[in-house]
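Asks: Questions regarding the structure given below will be posed in turn.
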Amino acid sequence: MPLAVVTGAGVRVGRAIALALAGGGYDLVLHANRSVEQADEVKALVARQGRQAFVERADLSDGDAVAALASRLRAQHPAIDLLVNSAAAYGHVAFADVTRAQLEEMWRVNVAAPFFLTQQLLPALRASPAPAIVNITDMAVSHAYTPTHFFSHYLASKAALEQLTRSLALELGPKVRVNAVAPGPVAMAGETTSAQRAEILSRVPLKREGSPDDVARAVLFLAQAPYVTGQTVRVDGGLSVA
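Numbering (numbering that gives the first Met the number 0), first residue to last: 0 to 241.
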């Protein structure tokens, strides 16, 4: 059976991705940091679908921990078919108040961790007959909308991850496919007021907020689309074209 590694697999979008991949026939490595108990719950749900799951804990803001995670995965799973970089740091801070420590943490988790985890798992990915990588970015990187105020450091890191997606699609092809999924108004953050939510949804052609399952379906599609690479699929209800 194919094996997928999903970072941030215990909660929200990462959880939905893991369960969708299990439904699609994948065994799973479920990465978590603070959400290990939730990852164990996902493991049990994966088992009910007849698939295997393994939980791995690592703090992705720590470069040594990322390297250790990659080393364990290579030793335990010589071939990895899919890597989903879903884990992310998130912050709501006015640009004038962002500290160097806040920016650097955002960069470590949202850029350096997927960069080096991908780099260090390349031998295992290349051992797969059809390896793929899917990065989770953000639709607001290219189409700003109301709740993206006060997220400059977060969006800068997601823009870097989106560019990394395109660069790696060129450099790692033809063997490894690399794509991204960019959620829009999906499970909107608590900082979004009811008035902001209503204003956003009034501009969304599909007239509803997205769910983590909507993102998960896009990831499953990209995982199994052999002639798609270097693309970003926006899961935003059409907001980016409205």
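Cβ coordinates follow ideal geometry from the N, Cα and C atoms, glycine included.
Using the Cα positions of lysine 157 and serine 60, report the straight-line distance between them to the nearest angstrom.
Replies: Counting only the Cα atoms, serine 60 lies some 15 Å from lysine 157.
Asks: Return the first residue and the last residue of the beta strand (DSSP E) that arginine 165 is part of.
Replies: Element bounds for arginine 165: not the beta strand (DSSP E) but the alpha helix (DSSP H), 151-171.
Asks: Whole angstroms are fine: how far does the CA of glycine 9 sit from the CA of valine 28?
Replies: Going from the Cα of valine 28 to the Cα of glycine 9 covers about 11 Å.
Asks: With contact counted as at least three CB pairs below 8 Å, one residue from each stretch, are the region 69-85 and the region 39-46 in contact?
Replies: Between the region 69-85 and the region 39-46 there are fewer than three inter-stretch CB-CB distances shorter than 8 Å, so the stretches are not counted as touching.
Asks: Nearest to proline 130 by CA position, among Leu221, Tyr144 and Glu198, is which residue?
Replies: Leu221
Asks: Between the Cα of glutamine 230 and the Cα atoms of Ile132, Gln51 and Leu18, which residue gives the shortest distance?
Replies: Of the candidates Ile132, Gln51 and Leu18, the one whose C-alpha sits nearest the C-alpha of glutamine 230 is Ile132.
Asks: Measuring alpha carbon to alpha carbon, tell me which of Arg176, Gly22 and Ser141 ends up nearest proline 182.
Replies: Ser141
Asks: Is the beta carbon of proline 204 less than 9 Å from the beta carbon of alanine 241?
Replies: yes
Asks: At 4 residues or longer, and completely inside the region 85-111: list those alpha helix (DSSP H) runs for me, N to C.
Replies: Here the runs fully enclosed are 99-106.
Asks: Identify the continuous alpha helix (DSSP H) that holds isoleucine 79 and give its terminal residues.
Replies: From DSSP, isoleucine 79 is part of no alpha helix (DSSP H); its letter is neither H nor E.
Asks: Could you check which residue in Phe94, Leu238 and Arg125 has the C-alpha nearest to that of alanine 143?
Replies: Leu238
Asks: Just the C-alpha distance for histidine 91 and threonine 191, rounded to the nearest angstrom, thanks.
Replies: 10 Å
Asks: Check the DSSP bridge columns for glutamate 55 and list the partner residues they point to.
Replies: His30
Asks: To the nearest angstrom, report how far apart valine 35 and alanine 197 are at their CA atoms.
Replies: 34 Å
Asks: So alanine 38 and alanine 31 are in contact, right, with Cβ under 8 Å, and what is the actual spacing, rounded?
Replies: 4 Å
Asks: For valine 54 and aspartate 137, I'd like the C-alpha separation in whole angstroms.
Replies: 26 Å
Asks: Excluding the five sequence neighbours on either side, which residues of its own chain have a C-beta within less than 7 Å of the C-beta of arginine 165, listed in chain order?
Replies: Gly229
Asks: Measuring only the C-alpha atoms, how far is alanine 155 from alanine 186?
Replies: 21 Å
Asks: Between the beta-carbon of alanine 3 and the beta-carbon of alanine 78, is there less than 9 Å?
Replies: no
Asks: Could you pull the start and end residues of the alpha helix (DSSP H) that arginine 216 belongs to?
Replies: 211-222
Asks: If the criterion is Cβ atoms closer than 9 Å, does the pair leucine 124 and leucine 82 meet it?
Replies: yes
Asks: In whole angstroms, give me the CA-to-CA distance for alanine 168 and phenylalanine 114.
Replies: 13 Å
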